[in-house]
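>
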Amino acid sequence: MSKRWAKLGWLLVLAGPAVVQAQVDLTALDRDMAGPRAQVLVLGTVHLSGMPQGFRPESLDPVLDRLAAFNPDVITIEAISSEECDLAARHPTVYGSDYCADADAAKAATGLDVPAAIAEVNRTLEAWPEQPAPGQRRHLAALFLAGNDRASALVQWLQLPESERRAGDGLDDALVASLNQLAARNNENYQMGARLAARLGLQRVHAVDNHTGDNIDVADVQAFGQAIQQAWDAGRAELNAREEQEQALSQGHDLLPLYRYINHPEHLRVLADVNAGAAMRAKSPQGYPQIWVAGWETRNLRMVANIREAFREHPRARVLSIVGVSHKPWFDSWLGQMQGVEIVDAEQVLK
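When you line the sequence shown up against mature numbering (1 follows the signal peptide of the UniProt record, and there is no 0), it's residues -22 to -1, 1 to 329, in that order.
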C-alpha cells in the first residue's frame, strides 16, 4: 500500500465509521393508501395515585368530555396485559412473584385460571349482543377479573344500572367489593380509561404496558440505581420549575389546564431530555445510565407494538392511548412512523 493510501486509511479510522442512513424510506409507503388512516391520540397523564389530598374524580370531567368528543373506538391503558401476567407467573425466577396482582379470588368464584378466562372472554366478546342483559355484563366482568384484566371488568360494571351492581352470574360478594373499590381508586386506568370506555359503550380497554424488556440484569443494583438518579438529578433543573407549576395545577377543581400543560410540546421536550438525554450524557464506568435507556426504549417499543396490535384488524380506527406523560414523546414518534397511522394533536383535542 502506498504511503498516500495508508495515510488516508488512518484518517478514516480516526474519523470513525460513516453514519449510514436507512437505505429504504418507509415513510411514504402509505401515501396512496386506500381509505382513511387510523387516528391515534396519545394522551399523556399524571399518575393519579400521586394527586394531592382532596383529589376528586369529577375534576377530570372536562378532560373526559374532550376525549369523548374525539370518540375513540379503541382505548389503551398503561397496565400489564392478562397474557403478560400469566407469563410472569410462570417464570417467577425471572420476573419475581409479585409482578401482577393475583386473580385467586376470581378463580375461586369462576373456576377459571388466567388462560382459561382469557379464552372465555374472547369467545364471549365474539358473540356479544348489541343490547346485553345485566346478567351478561356481570358474567363478563367476572371473566375479566379471572383473566386479571381489572380495568375491563370495571368497564362492564360501570355500564350496569346501580340496581344491577350486585353479586350473581359469576360475581360473588368479594368480587363485587373489589369492583366497587376499583371504581373509587385514584388510578388513571380506572378514573379515565374505564370511565371513558363505559361512557362510550365500549366493552373493554386494552392493557399495553410491558416490563419484559426493562427487566435489567446488572451486578450491582444499588450502584445502578444511584448512577441513574445522579444522571437525572444533573439534568433536571428546568424540569424542577415545570414540576412546581404542575403541582399548582394539580390542586385545581378542573384538571383540564393541568392536562394542557403536561401535553404541551415544550413540557414533553424537557421530560424526554431528562429521561434519556441526561442519561446518555452521563459518564459511568459500567455504562449504567445508557443501559437504563436501552431498557426504557425496549419497554416503549413493546408498548407501542401492543397498541398497534390493539387496532390491527381495524385500519380506520380512532385510538386513544392513555399513558404516563413521560412515554408520550416515544409513542408519538414511533406510532407516527407506522403505515396507515396519523397522530392526532393532543393540544387541539384539549382546547
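All C-beta atoms in this analysis are idealised placements derived from N, C-alpha and C, irrespective of residue type, glycine included.
Since this is a predicted model, take the numbers as computed values, not measurements.
Among residues of its own chain, excluding the 5 on either side of ALA12, which ones have a beta-carbon nearer than 7 Å to its beta-carbon?
Result list for ALA12: empty, nothing under 7 Å.
> Does the separation of the CB atoms of ILE53 and LEU174 fall below 8 Å?
Against a cut-off of 8 Å, the Cβ pair of LEU174 and ILE53 comes out as a contact.
> Short check: CB of ALA129 to CB of TYR77, under 8 Å?
Not a contact, by the Cβ cut-off of 8 Å.
> ALA87 to ALA176, Cα distance in whole Å?
Whole-angstrom Cα-Cα distance: 24 Å.
> Smallest Cα separation from PHE33: which of PRO110, ILE321, ASN164, SER75?
When each option's Cα is compared against that of PHE33, the closest is ASN164.
> Please state whether DSSP places GLY146 in a helix, a strand or coil.
In this structure, GLY146 counts as strand in the three-state DSSP scheme.
> Out of curiosity, what's the CA-to-CA distance linking ALA67 and ASN126?
Answer to the nearest angstrom: the Cα atoms are 12 Å apart.
> Quick one: what's got a C-beta closer than 8 Å to GLN315's C-beta in the same chain, skipping five residues either side?
Closer than 8 Å at the Cβ level, and outside the excluded window around GLN315, lie LEU4, THR5.
> Quick one, which of LEU26, GLY213, ASP232, GLN229 has its alpha-carbon nearest ALA254's?
The candidate whose alpha carbon is nearest that of ALA254 is GLY213.
> If you reduce the DSSP assignment to three classes, tell me which class VAL133 lands in.
Note: VAL133 maps to helix in three-state DSSP.
> In the DSSP assignment, the beta strand (DSSP E) including ILE53 goes from what residue to what residue?
Segment 52 to 58, the beta strand (DSSP E) holding ILE53.
> Output the boundary residues of the beta strand (DSSP E) element that contains HIS184.
Per DSSP, HIS184 belongs to the beta strand (DSSP E) from 184 to 187.
> Given a cut-off of 8 Å on the beta-carbon distance, is the pair LEU153 and LEU123 in contact?
Contact: yes.
> Comparing alpha-carbon positions, which option in GLN268, GLN181, SER262, ASN284 lies nearest PRO107?
Of the listed residues, the one whose Cα sits closest to PRO107 is GLN181.
> Cα-Cα, which of LEU298, GLN326, LEU121, HIS242 is closest to LEU157?
The option with the nearest alpha carbon to LEU157 is LEU121.
> According to the Cβ coordinates, are ALA215 and ALA260 closer than 8 Å?
The answer is no: Cβ separation not under 8 Å.
> According to DSSP, is GLY191 part of a helix, a strand, or is it coil?
GLY191 falls in the coil class under three-state DSSP.
> Give the straight-line distance between the Cα atoms of GLU28 and GLN225, rounded to the nearest whole angstrom.
The amino acid occupying residue 28 in the given sequence is Gly; Glu does not appear at that position. For GLY28 and GLN225, the distance between alpha carbons rounds to 10 Å.
> Within a Cβ cutoff of 6 Å, which residues of the same chain sit near HIS231, ignoring the five residues on either side of it in sequence?
The residues are SER37.
> Counting C-beta neighbours from all protein chains within 10 Å, is the total for SER299 16 or more, i.e. buried, or is it exposed?
Buried.
> Which term fits GLN134, buried or exposed, when burial requires 16 or more other beta carbons within 10 angstroms of its beta carbon?
Classification for GLN134: buried.
> Give me, in chain order, the residues of the same chain whose beta-carbon lies closer than 7 Å to that of VAL248; leave out the 5 immediate sequence neighbours on both sides.
Cβ within range, chain order: GLU216, LEU217, ARG220.
> Starting from LEU138, trace the beta strand (DSSP E) both ways and give me its first and last residue.
Run containing LEU138: none; DSSP gives neither H nor E here.
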